[in-house]
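This report concerns only the one structure given below.
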Amino acid sequence: MGFADDGTIVLVISDIHGQPPGASQAEDARPDPPALLRRRDGILPTTAAALSLPERAQPLTGTASRSTQPPEPHPVVAEILAGLGTAQRERHLGRCPEPALLSRWLFETGAGSLEQARHALSGAGIICRHIREDGDPRHGAHAAHCRSCAVLLARLGVTSLTPAPAAAQGGTFGGDTLGGPTQGAPWSVGTVDQALAAAGWRPGRGHAAKAEAWADVLSGHRSPQGHPHELFPAAFETWAELGEITLQPNGPGVAFAPSAVVIDPLAGLHWARVLSDLGYALGDRLAPLGEELGSGALLALDTEGRLYGIDHSGDWYLGHDVLTGLATLLTGAAPHRLEP
1 MGFADDGTIV
11 LVISDIHGQP
21 PGASQAEDAR
31 PDPPALLRRR
41 DGILPTTAAA
51 LSLPERAQPL
61 TGTASRSTQP
71 PEPHPVVAEI
81 LAGLGTAQRE
91 RHLGRCPEPA
101 LLSRWLFETG
111 AGSLEQARHA
121 LSGAGIICRH
131 IREDGDPRHG
141 AHAAHCRSCA
151 VLLARLGVTS
161 LTPAPAAAQG
171 GTFGGDTLGG
181 PTQGAPWSVG
191 TVDQALAAAG
201 WRPGRGHAAK
211 AEAWADVLSG
221 HRSPQGHPHE
231 LFPAAFETWA
241 ELGEITLQPN
251 GPGVAFAPSA
261 VVIDPLAGLH
271 WARVLSDLGY
281 ALGDRLAPLG
291 EELGSGALLA
301 LDTEGRLYGI
311 DHSGDWYLGH
321 DVLTGLATLL
331 TGAAPHRLEP
């Protein structure tokens with residue numbers, strides 16, 4: 001276990017290993033999600049897209065939506081997204097720039113059916129890029145289409161101009177080998193344990209030297225605006241216990257597509273300003289933990305050890321401890337979207 005700044009005990013992985021997601025020691029009820037005390041400044045990170053059309057000299061452009069409600073999709077787009085299974089349904093469904101741009105053009109052309117939509121989009125191509133903080137090497141890099149958008153583009157016959165393949169996102173399964181939801185059975189509490197074991201993790205695992213090296217790099221970094229990284233016991237204890245590992249989902253998603261996770265705090269090296277802004281909005285401090293593979297969403301934890309995800313569509317509360325938060329991602333459970 002670790003200790004928060006006020007001296008209270010913070011449970012880390014070994015303390016709750018093998019317990020059901022959401023159960024800390026003898027507690028059965030999950031604590032309420034934290035509330036944003038104020039709106040977070042800025043729109044980063046986000047993704048931007050450009051839809052090229054033969055009928056237009058200039059492409060249609062737009063960014064992902066971080067608003068409370070996603071943009072209204074065209075009926076054809078809405079029908080395709082509504083028909084997605086959990087293997088393709090992302091938590092940010094409908095908030096990416098691709099559905100918004102496709103809907104905008106279909107509304108303009110008056111397409112009323114799937115056949116008409118495909119005709120209106122004949123010869124169309126779309127490309128996406130990351131928009132990140134200044135100095136982040138991923139700023140301006142190609143952003144892979146999420147699993148939901150990849151299906152949408154395929155159904156509408158739109159060519160992806162983004163080199164990175166959408167299938168590079170971890171967590172795509174051809175069958176339910178564990179007897180999970182598609183077989184009528186609930187997720188077992190061993191799902192996260194299996195992912196940890198497969199990654200080589202064991203209770204009591206210690207990587208203090210690695211955690212110290214991460215802390216040294218993070219403490220020496222400042223955002224272009226001068227924001228430092230926050231370092232605190234809960235973060236260091238978690239880094240030291242998990243080390244640098246990659247966790248793969250081992251079944252289909254419960255509510256959304258499951259995601260693979262890499263534990264590496266340096267994935268958030270260039271996110272100091274975003275973490276500072278969100279921490280201020282929460283009335284807490286945040287430190288990076290790793291990232292969600294495919295989407296590039298950053299994983300961060302606060303001084304109490306609660307886990308968060310930050311992606312192009314908004315800020316998400318994943319769980320009141322690290323194990324619960326990892327379970328949310330690895331099993332495709334529904335996270336809590338943070339709203340002011």
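Just so you know, we're using UniProt numbering here: the sequence shown kicks off at 1 and counts up by one. For glycine and all other residues, C-beta sits at the position ideal for the given N, C-alpha and C.
Item, Value
"Answer yes if the segment 324 to 331 comes into contact with the segment 67 to 86, meaning at least three C-beta pairs across the two stretches below 8 Å, and no otherwise.", "no"
"I'd like the ranges of any alpha helix (DSSP H) spanning at least 4 consecutive residues and lying wholly in the segment 121 to 146.", "none"
"With which residues is ALA49 paired in a DSSP beta bridge?", "GLY62 and CYS128"
"From the DSSP output, in three-state form, read off ASP284 for me.", "coil"
"Considering only C-alpha positions, which residue in the set VAL254, GLY157 and VAL262 is nearest to ALA195?", "VAL262"
"I'd like to check one pair, GLU304 with ALA297: are the Cβ atoms closer than 9 Å?", "no"
"Any idea if HIS119 is buried or exposed, counting beta-carbon neighbours within 10 angstroms, 16 or more meaning buried?", "exposed"
"Is the beta carbon of ALA117 less than 9 Å from the beta carbon of HIS145?", "no"
"Does any heavy atom of the ligand SAH sit closer than 8 Å to the C-beta of CYS96?", "The model depicted lacks the ligand SAH and carries no ligand whatsoever."
"Excluding the 5 residues flanking ALA208 on each side, which residues of the same chain have their C-beta closer than 8 Å to its C-beta?", "ALA240"
"If we ignore side chains and look at the alpha-carbon of each, how far apart do ALA234 and GLY309 end up?", "17 Å"
"Is it buried or exposed for GLN225, if we count other Cβ within 10 angstroms and need 16 for buried?", "exposed"
"Should the segment 95 to 109 be called in touch with the segment 28 to 36, which here means at least 3 C-beta pairs below 8 Å?", "no"
"If we ignore side chains and look at the alpha-carbon of each, how far apart do TYR317 and GLU55 end up?", "42 Å"
"Got a sec? Which residues, its chain only, sit under 6 Å from PRO33 by beta carbon, not counting five neighbours each side?", "TYR317 and HIS336"
"Taking the beta strand (DSSP E) that LEU301 belongs to, which residues open and close that run?", "298 to 302"
"Tell me which same chain residues have a C-beta within less than 8 Å of the C-beta of VAL151, skipping the five on either side of it?", "ILE80, LEU84 and GLN88"
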